[in-house]
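Q: Got a structure here, written out as structure tokens. Questions coming.
Protein chains in written order, with our numbering: chain Y, 71 to 334; chain X, 3 to 310.
Pasting the structure below:
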């Protein structure tokens with residue numbers, strides 16, 4: 071029997087450089103946003119926000135922007151980091167199985183003694199590891215500014231937000247991987263995951279402003295952040311929903327991948 | 003008694019509403035060099051992908067090296083070397099890294115043969131795969147297929163994209179493997195590509211094996227297009243005599259030139275022609291596509307067309 075590591079080891083080896091680039095870029099952008107906070111706070115933020123329509127401010131999650139935790143929650147964890155990480159995870163989730171199957175690059179791996187289950191599991195594990203690594207980069211740079219500039223964001227809140235960020239990004243990455251595992255088509259994987267992400271985000275953003283609470287309640291983005299991912303603290307039910315949704319998708323995708331025709 | 007290398011019975015494969023294989027039957031003995039011939043789209047790659055458990059049969063039995071439930075036995079593939087027809091490789095890594103990876107998937111089998119095989123094929127192992135030519139990428143595929151000295155080699159259109167020198171080297175490697183006891187299963191749409199290594203071939207057409215034969219017998223039956231040009235136009239008597247030479251058919255004689263299809267040895271025809279002054283002689287093996295046309299014309303194959 072072939073043990074688990076080789077495929078995962080290979081994936082991590084070949085991904086060193088792109089991962090480092092992504093981590094640096096994410097850290098740079100998030101660091102820049104966070105470092106702007108002291109200047110924004112000094113520049114009479116409230117007056118600026120009052121000039122905007124109230125609904126828009128709420129939809130953007132900017133209503134709590136006056137505190138450091140609210141600002142980081144809205145600007146980085148709730149917007150820039152979230153968007154960039156979603157782009158990464160969905161792209162990577164679609165590529166890591168379906169993309170390589172479709173291009174033919176997976177052919178010699180699929181015809182090796184590695185089982186389909188091992189290929190699926192290890193590629194999934196590689197995706198989650200990459201997600202965790204990039205989320206950790208966001209966390210590290212935000213924490214560094216929090217401590218360095220004494221922004222006063224609760225480390226517990228930030229850590230919990232980070233955990234839930236990893237869960238929601240992992241969920242959308244898994245969705246892309248699973249859609250690809252089920253169909254063997256990268257385009258379908260990208261389309262499905264991107265569409266669900268956009269709709270989720272919209273449901274969470276506009277639901278509350280329309281007084282339609284169910285929209286945010288069924289949205290994975292809502293499970294992650296509701297109105298602000300950093301100030302909301304730990305929500306066990308939402309975290310459980312994120313984990314369960316991933317687990318369910320992963321199980322369904324695995325089942326399909328073990329049964330269908332490959333490389334068609 | 004050892005099981006056959008490959009045993010396929012009534013293999014049917016549907017892609018949605020399209021039936022690619024209509025019940026393929028095939029038996030390849032251990033240690034045999036077997037050619038799998040058919041025009042593009044006949045189902046060669048589909049059959050091969052069923053042997054590797056990439057595709058799951060719609061119906062029928064597929065047994066490889068004595069194993070029937072291929073889905074339950076991925077470890078069987080450690081005993082197989084597979085060279086795909088069109089090979090795509092992930093780009094950033096070097097050939098050495100990639101080949102070491104393929105070895106690691108087989109528990110390290112073949113690691114020690116990477117260098118000697120790369121030397122033999124003149125492959126630079128330290129260059130990123132991305133920058134390699136198609137031929138060089140194909141070399142990596144060849145090494146990946148052969149390095150672990152598998153019991154069964156499955157080569158899908160292996161010579162496409164290889165330069166002639168490399169083709170010869172690949173076929174030499176294949177012959178060495180069979181001499182060492184391995185079974186060779188090699189597909190092609192060109193008979194001449196496999197007849198150098200294969201003793202027997204199966205001909206696949208439109209998803210069915212229409213014939214299994216010795217290569218020599220097949221080649222004889224396929225015949226050659228012959229052309230003779232003489233110094234002077236043939237008179238009627240000489241023309242009639244030549245036209246009735248043993249094994250010659252579809253004869254046309256125009257002035258000083260004779261064309262025809264020759265099956266069997268050319269001895270009699272040449273001796274008869276030598277009575278006249280011959281300026282030009284050529285004999286070209288018929289390609290397989292023409293042989294397939296013979297099959298189309300056979301009444302036994304006429305009733306079951308349709309799907310195409």
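Ideal Cβ positions, reconstructed from N, Cα and C, are used throughout, including at glycine.
Can you tell me the Cα-Cα spacing of residue 211 (chain X) and residue 122 (chain X), whole angstroms?
A: Sequence index remark: in the second chain, residue 211 (chain X) carries index 209 (1-based). Sequence index remark: in the second chain, residue 122 (chain X) carries index 120 (1-based). Whole-angstrom Cα-Cα distance: 36 Å.
Q: Excluding the 5 residues flanking residue 132 (chain X) on each side, which residues of the same chain have their C-beta closer than 8 Å to its C-beta?
A: Your numbering for residue 132 (chain X) matches position 130 in the second chain. If we look at residue 132 (chain X) and ignore the five residues flanking it on each side, its Cβ neighbours are 93, 94.
Q: DSSP state of residue 239 (chain Y), grouped into three classes?
A: Start at 1 with the first residue of the first chain, and residue 239 (chain Y) comes out as number 169. Residue 239 (chain Y): helix per DSSP, three-state reduction.
Q: Is residue 110 (chain Y) close to chain X, meaning its C-beta is less than 8 Å from at least one C-beta of that chain?
A: Reading the first chain from its first residue, position 40 is the one you call residue 110 (chain Y). It does not: the Cβ of residue 110 (chain Y) has no partner Cβ on chain X nearer than 8 Å.
Q: Where residue 4 (chain X) and residue 32 (chain X) are concerned, what is the direct C-alpha to C-alpha distance, given to the nearest angstrom?
A: The sequence position of residue 4 (chain X) within the second chain is 2, counting from 1. The sequence position of residue 32 (chain X) within the second chain is 30, counting from 1. Distance between the alpha carbons of residue 4 (chain X) and residue 32 (chain X) is about 8 Å.
Q: Can you check DSSP and say which residues form a bridge with residue 154 (chain X)?
A: Numbered from its first residue, the second chain carries residue 154 (chain X) at position 152. According to DSSP, which records beta bridges pairwise, residue 154 (chain X) is partnered with X:82, X:185.
Q: In this structure, how does DSSP classify residue 227 (chain X) when only helix, strand and coil are distinguished?
A: Counting from one through the second chain, the residue named residue 227 (chain X) turns up at place 225. Annotated three-state conformation of residue 227 (chain X) is strand, per DSSP.
Q: Let me see if you follow: with CB-CB separation under 8 Å, is residue 86 (chain X) close to chain Y or not?
A: As a first step, residue 86 (chain X) must be located in the second chain, where it is residue number 84. Yes, contact with chain Y.
Q: So, for residue 118 (chain X): in the same chain, excluding its five sequence neighbours on each side, which residues have a beta-carbon less than 6 Å away from its beta-carbon?
A: The count along the second chain starts at 1 and reaches residue 118 (chain X) at position 116. Cβ neighbours of residue 118 (chain X) beyond the five flanking positions: none.
Q: With a threshold of 16 other CB atoms inside 10 Å of the CB of residue 123 (chain Y), please say whether the residue is buried or exposed.
A: Numbered from its first residue, the first chain carries residue 123 (chain Y) at position 53. Exposed: under 16 other Cβ atoms inside 10 Å.
Q: The region 88 to 105 of chain X: which residues have C-beta closer than 8 Å to a C-beta of chain Y, in chain order?
A: For the region 88 to 105 of chain X, the set of residues with a beta-carbon nearer than 8 Å to any beta-carbon of chain Y comprises 88, 89, 90, 91, 92, 94, 95, 99, 103, 104, in chain order.
Q: Return the Cβ separation of residue 82 (chain X) and residue 152 (chain X) in integer angstroms, given the expectation that the two are a contact with Cβ distance under 8 Å.
A: To locate residue 82 (chain X), count along the second chain from 1; it is residue 80. To locate residue 152 (chain X), count along the second chain from 1; it is residue 150. Indeed they touch by this definition, with Cβ atoms about 5 Å apart.
Q: For residue 72 (chain X) and residue 280 (chain Y), I'd like the C-alpha separation in whole angstroms.
A: Taking the second chain and counting its residues from 1, one reaches residue 72 (chain X) at position 70. Taking the first chain and counting its residues from 1, one reaches residue 280 (chain Y) at position 210. Whole-angstrom Cα-Cα distance: 55 Å.
Q: Going by the beta-carbon positions, is the gap between residue 252 (chain Y) and residue 136 (chain Y) smaller than 8 Å?
A: Position 182 of the first chain, counted from the first residue, corresponds to residue 252 (chain Y). Position 66 of the first chain, counted from the first residue, corresponds to residue 136 (chain Y). Contact: no.
Q: For residue 334 (chain Y), which residues of its own chain have a beta-carbon under 6 Å away from its beta-carbon, when the five flanking residues on both sides are left out?
A: Along the first chain, read from residue 1 onward, the residue named residue 334 (chain Y) stands at position 264. Excluding sequence neighbours, residue 334 (chain Y) sits near nothing in its chain.
Q: Alpha carbon to alpha carbon, how far is residue 156 (chain X) from residue 188 (chain X)?
A: By 1-based counting over the second chain, the position of residue 156 (chain X) is 154. By 1-based counting over the second chain, the position of residue 188 (chain X) is 186. Spanning the two alpha carbons is a distance of roughly 6 Å.
Q: How about residue 331 (chain Y): is its C-beta nearer than 8 Å to some C-beta of chain X?
A: If you number the first chain from 1, residue 331 (chain Y) lands on position 261. At least one chain X Cβ lies under 8 Å of residue 331 (chain Y).
Q: Does the CB of residue 192 (chain Y) have a neighbour CB from chain X at under 8 Å?
A: Numbered from 1 along the first chain, position 122 holds the residue referred to as residue 192 (chain Y). Judged by the 8 Å Cβ criterion, residue 192 (chain Y) is not in contact with chain X.
Q: Taking the alpha-carbon positions, what's the residue 275 (chain Y) to residue 286 (chain Y) distance?
A: Counting from 1 along the first chain, the entry for residue 275 (chain Y) is found at position 205. Counting from 1 along the first chain, the entry for residue 286 (chain Y) is found at position 216. The alpha-carbon atoms of residue 275 (chain Y) and residue 286 (chain Y) are separated by roughly 8 Å.
Q: Over the uninterrupted alpha helix (DSSP H) stretch that includes residue 214 (chain Y), give me the two end residues.
A: Start at 1 with the first residue of the first chain, and residue 214 (chain Y) comes out as number 144. Element bounds for residue 214 (chain Y): 186 to 218.
Q: Using only CA atoms, which one of Y:106, Y:154, Y:138, Y:255 lies nearest to residue 169 (chain Y)?
A: Within the first chain, residue 169 (chain Y) is the residue found at index 99, counting from 1. The candidate whose alpha carbon is nearest that of residue 169 (chain Y) is Y:255.
Q: Would residue 230 (chain Y) pass as a contact of residue 201 (chain Y) if the rule is Cβ separation under 8 Å?
A: Position 160 of the first chain, counted from the start, is the residue given in the question as residue 230 (chain Y). Position 131 of the first chain, counted from the start, is the residue given in the question as residue 201 (chain Y). Against a cut-off of 8 Å, the Cβ pair of residue 201 (chain Y) and residue 230 (chain Y) comes out as no contact.
Q: Contact criterion: CB-CB distance below 8 Å. Does residue 1 (chain X) meet it with respect to chain Y?
A: An answer regarding residue 1 (chain X) cannot be provided, because it is not within the stretch 3 to 310 covered by chain X.
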